[in-house]
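Here is the structure we will look at, set down as structure tokens.
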Amino acid sequence: MTDRRTAVVTGASSGIGAATARRLAAEGFDVVLGARRVDRLAEVAEACGPSARSLVLDVTDQASVDAFCEAAGPCAVLVNNAGGALGLDPIATADDERWQRMYDTNVMGTMRMTRALLPALIASGDGHVVMVGSIAAHEPYPGGAGYNAAKFATRAFTQVLRQEILGEPVRVTEVDPGMVETEFSLVRFDGDAERAAAVYEGVTPLTADDVADCIAFAVTRPSHVNIDTLVVLARDQAGARQVHRRT
Ligand code: 8X3
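Numbering-wise (the numbering used here), the sequence shown opens with residue 5 and increments by one.
Okay, structure coming up:
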């Protein structure tokens, strides 16, 4: 018998997901890491320690979610981190396929994982769902519409979940970061490293570990304490588009 609890982290092959898996492992959780890139996932899992497991997961595919959740087994914490932005195009030239993919990962993926694991989280007697959102869930900005719409939707989902499961032994937390230096911008700009680097130019952005720290804070509060929303920005950032750059 063990009183160690299991935490599932999606999108755990890099960035905030990887940092969160490492941090929760350090906090004493058995972590189950999910992502599509299994090679990188296995490397992150190894860094988490011997009790970590890595399982392939595509949150846009229900069959993949089902197989992952069955293999993951009982769990007490779900960190819905898989997601991201694609492009910074105005609505006038919106790309259907990019919008669809943003919706599939950020919104539908979060719904699929939460729906699948909610019975296990309730059965744990002390469950916790953490959503990794964004400042983009609070502040719309030009070029952000597809990502804003997805993150606003996830925020609505989170608030509904909190109300619907009130009375169950499950906490619901949303952590909404601003600029975090990860692969986020590289993915957003189709691998354009120069454009991605410009996002963080002259700024001290958050790191993935800073966000993992906030997630760990929420998860390690006493069970009766529910941190509802944490908006976390770098000191150099005062809003989605208000950034102080040193030249
Ligand atoms: C990332 C923050 O401002 O680029 O979630 O949308 S932003």
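By construction, the Cβ of each residue, glycine as well, lies at the ideal position given by its N, Cα and C atoms.
Cβ-Cβ separation, residue j to residue i (assumed contact under 8 angstroms), whole Å
{"i": "Val12", "j": "Val36", "result": "5 angstroms"}
{"i": "Gln163", "j": "Arg116", "result": "Going by Cβ atoms, the distance from Gln163 to Arg116 rounds to 19 angstroms, so no, they are not a contact pair."}
{"i": "His245", "j": "Gly91", "result": "A small correction: the amino acid at residue 245 is Arg; His does not occupy that position in the sequence shown. That belief does not hold up - the Cβ atoms of Arg245 and Gly91 are roughly 16 angstroms apart, past 8 angstroms."}
{"i": "Ala154", "j": "Val111", "result": "5 angstroms"}
Three-state secondary structure assigned by DSSP to residue i
{"i": "Asn152", "result": "helix"}
{"i": "Arg57", "result": "strand"}
{"i": "Ala120", "result": "helix"}
{"i": "Val247", "result": "strand"}
{"i": "Leu237", "result": "coil"}
{"i": "Ala89", "result": "coil"}
{"i": "Ala254", "result": "No answer is possible for residue 254: the residues shown for the chain start at 5 and end at 251."}
{"i": "Asp43", "result": "helix"}
Proximity below 7 angstroms, CB of residue i to CB of residue j
{"i": "Gly38", "j": "Phe72", "result": "yes"}
{"i": "Gly243", "j": "Glu143", "result": "yes"}
{"i": "Gly137", "j": "Glu168", "result": "no"}
{"i": "Arg27", "j": "Ala216", "result": "yes"}
{"i": "Val83", "j": "Val134", "result": "yes"}
{"i": "Ala23", "j": "Asp213", "result": "yes"}
{"i": "His228", "j": "Asp240", "result": "no"}
Opposing strand residues paired with residue i [DSSP bridges]
{"i": "Val13", "result": "Leu37 and Val83"}
{"i": "Val111", "result": "Paired residues: none, contrary to the question."}
{"i": "Leu210", "result": "Val184"}
* To do: Counting only runs of 4+ residues fully inside the segment 121-202, write out the alpha helix (DSSP H) ranges in chain order.
  => Those alpha helix (DSSP H) runs which fall completely within the segment 121-202 and span 4+ residues are 149-168 and 188-192.
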